[in-house]
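Presented below is the structure to which this report refers.
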Amino acid sequence: MTEDFLKSRGIAYQHTNMRPELRTIVFVHGLSGSLSAWEGYEKLFGNTYNMVTYDLRGHGLSIRPSRSGYALDEHLEDLKALLEHLHISQCVLVSHSFGTLVAMEFARTYPHMLSHKILLAPIHGIQNFAWTRLFVRMGNMVASLIPRLHRDRRTNYSTISIPTPDFSIRRIYKDISNMGLRSYIYVFRAAFAKDYSRDWTELPMPVLIIHGTQDTFVELEHAISLVEKLSGEEFVAIDGANHNIVLNNRERLAVEIKNFVQ
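Using the numbering used here, you'd call the opening residue of the sequence shown number 207 and step up by one each time.
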């Protein structure tokens, strides 16, 4: 994977050798993660697809904007600018956790740029949880008081024991310390300050939803509810998998993605 930086948007990204005859898969990570969550997937896909991974704003080596710069619309424009920069007219979009919200809004806004959409552990239906509302209110009060303390770098997940549980203190500490607590709060606020449940609607492209049966952050029933709302979409429940399916279930995800796209 080649490392690069989109200066116009402040977005760090990596890509394989982009061959025009191959389909392109773009990967969007979740909250507090980075593009390093997708390391190893290029070997699983071999030379059958072009691959692009990137750090969402506020994550990894990408820009840390002011509070207003974390709005979901900014995330959409980052992705659009990246695709245009790489001359990708249409792609397969694979997203995880918070990234599924970015993907859903992007698909509603720019449907012509997607051929397939794959949602891994989507965060459908959790914006109205009492703990998320409380965290948003507290975050609004304290985020501006938190100093800019982070290292602008990515977590090396090869140092994390796999499988990693949903609430691994060691992994979460590494992720948030690399991201910065202030950026974490601002992105969390962008994800949960609004109820997006009405935005999860049927879309004019094939959709695959993959969820773990032991996900303790977004329980399986929320994914099933989304499948029922998006009638006709494909659904795979991975037995025993938790919310961290990107790290814990690489081989299974690669197989499901290949089968779906082909």
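Just so you know, even glycine gets a beta-carbon here, dropped at the ideal spot from N, CA and C. Since the model is a prediction, treat every value here as computed from it, not as a measurement.
So which of Lys249, Val424, Ile294 and Pro271 has the shortest CA-CA distance to Ile391?
Pro271
Under the rule that 16 or more other beta-carbon atoms within 10 Å means buried, what is Arg263, buried or exposed?
Using a 10 angstroms sphere on the CB of Arg263, the tally of other CB atoms reaches 16 or more, which defines it as buried.
Please list the terminal residues of the continuous alpha helix (DSSP H) segment that includes Phe251.
Tyr247 to Phe251
To the nearest angstrom, how far is the alpha carbon of Asp284 from that of Ile217?
Approximately 7 Å, taken between the alpha carbons.
Is Leu432 helix, strand or coil when you go by DSSP?
helix
Taking 9 Å as the cut-off, decide whether the C-beta atoms of Ala429 and Ala443 are in contact.
yes
Leaving out the 5 sequence neighbours to the left and right, which residues in its chain are closer than 6 Å to Glu209 when beta-carbon positions are compared?
Gln220
Which two residues bound the contiguous beta strand (DSSP E) that contains Thr259?
Where Thr259 is concerned, the enclosing beta strand (DSSP E) stretches over Asn256 to Tyr260.
Can you list, in chain order, the residues of its chain with a C-beta nearer than 6 Å to that of Met535? Leave out the 5 residues immediately preceding and following it.
This structure gives no information on residue 535, because the portion of the chain shown stretches from 207 to 468.
Take Ala397 as the anchor and find which of Ser214, Pro317 and Gly236 has the nearest alpha-carbon.
If we check each option's Cα against that of Ala397, Gly236 comes out closest.
Could you spell out the range, first to last residue, of the beta strand (DSSP E) harbouring Phe211?
Thr208 to Leu212
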